[in-house]
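Novice: Mapping the sequence shown onto the working numbering, position 238 (from 1) lands on 256, and the numbers just tick up by one.
Okay, here's the structure, questions in a sec.
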Amino acid sequence: MPTRATPTPSGSGTIDFAKCFTFAVEDPDWVKKILFGGLFTLLSALIVGIFFVSGYWVRFLRRVVAGDPRPLPEWDDLGGIFNDGLKVVGVYFTYVAGMIVVVLALGCAAGLLGAGIGSLSRASEGASSAAAALGGLGMAAAYGLFLLLALVLAVFLPAVFVRVVLKDRFSEAFAFREHLAFIKANLANYALSLVVYLVANFASQFGALLCCVGLFPAVFWSYLIFGYALGETVRQNPRSV
């Protein structure tokens, strides 16, 4: 049974940017653990790997929040790691599905309106042009909305994951007020965590230079860096979760 992590206050106020990139090497088995993570990141192309990567991230985040000096978990409980990943993956797909439904609803509404105007084209040549213009506008609006919602999710979902992981309840994914309060209470560190991830994600792309072999461990490493930054954000302000 997964245990809920008890935040251990760090007290320094701001997360250590450099430490986010160096914490892993303090574990004597860090290479092995990240290589295993890289393997499951590769297997994410077959879907199944996503659950293991997510489950490992869940355990890692809890250990960071608890103040474990060596937060990288072992890969010795694959069944438990898989189960720990179910909630996080479920939350992700629920939010993404909701975003897709909203975009499709807008696209369908624009399409139906365009079809209605188009049906009047026999009586008016302008109606046909208006229908075509409306259809193009609807597609552009749907695409713009998709990009906007994707950006919002990219900023908002980390707070959702943190609460779901630490409270260990799927229902916490919909505690919207609490998620916004967490972001507001930790705005500087939360923003810094996002910057840390962007830097790590960019750096991970250089793994492709190693004949693509190093890409997947590097991507997995970037996930851990983000988790470390989020965990440290919680430790700076435990009461915000």
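Backbone N, C-alpha and C define an ideal beta-carbon position, used for all residues, glycine too.
1) Which term fits GLN223, buried or exposed, when burial requires 16 or more other beta carbons within 10 angstroms of its beta carbon?
2) Would you tell me roughly how many angstroms separate the C-alpha atoms of TYR208 and GLY154, rounded to the nearest one?
3) In whole angstroms, what is the alpha-carbon distance linking ALA199 and VAL107?
4) With a CB to CB cut of under 8 Å and the five nearest residues on each side skipped, what residues in its chain are close to LEU167?
5) Which residues mark the beginning and the end of the alpha helix (DSSP H) in which ASN219 is found?
6) Go through its chain and collect everything with a Cβ distance to PHE244's Cβ below 6 Å, but skip five positions before and after it.
7) With H, G and I counted as helix, E and B as strand and the rest as coil, what does DSSP make of PRO89?
8) With 16 other CB atoms within 10 Å as the buried threshold, where does VAL49 fall?
9) Mapping the DSSP letters down to three states, classify PRO46 as helix, strand or coil.
10) Can you give me the Cβ contacts of SER72 inside the same chain, cut-off strictly under 7 Å, excluding the 5 residues immediately before and after it?
11) Quick one: what's got a C-beta closer than 7 Å to ALA203's C-beta in the same chain, skipping five residues either side?
Specialist: So, to answer that:
1) As a working note, residue 223 is residue 205 in the sequence shown. GLN223 sits exposed, since fewer than 16 C-beta atoms from the chains shown fall within 10 Å of its C-beta.
2) Taking the sequence shown and counting its residues from 1, the one referred to as residue 208 is at position 190. Taking the sequence shown and counting its residues from 1, the one referred to as residue 154 is at position 136. Between the C-alpha atoms of TYR208 and GLY154 there is a straight-line separation of about 38 Å.
3) By one-based count along the sequence shown, residue 199 stands at place 181. By one-based count along the sequence shown, residue 107 stands at place 89. For ALA199 and VAL107, the distance between alpha carbons rounds to 23 Å.
4) Taking the first residue of the sequence shown as 1, we reach residue 167 at position 149. Excluding sequence neighbours, LEU167 sits near MET117, VAL120 and VAL121.
5) Here residue 219 corresponds to residue number 201 of the sequence shown, with the count starting at 1. Its alpha helix (DSSP H) spans residues 205-222.
6) In the sequence shown, counting from the first residue as 1, residue 244 sits at position 226. For PHE244, where only same-chain residues beyond five positions count, the Cβ hits under 6 Å are TYR215.
7) Taking the first residue of the sequence shown as position 1, residue 89 is located at position 71. Three-state result, PRO89: coil.
8) The sequence position of residue 49 within the sequence shown is 31, counting from 1. Of the residues assessed, VAL49 falls on the exposed side of the cut-off, its CB having fewer than 16 other CB atoms within 10 angstroms.
9) Locating residue 46 in the sequence shown gives position 28, where the first residue counts as 1. In this structure, PRO46 counts as coil in the three-state DSSP scheme.
10) Indexing the sequence shown from 1 puts residue 72 at position 54. Contacts found: GLY103, VAL106 and VAL107.
11) Here residue 203 is taken as the residue at index 185 of the sequence shown, counted from 1. The beta carbon of ALA203 is closer than 7 Å to those of ASN255 and SER258 in its chain, skipping five residues each way along the sequence.
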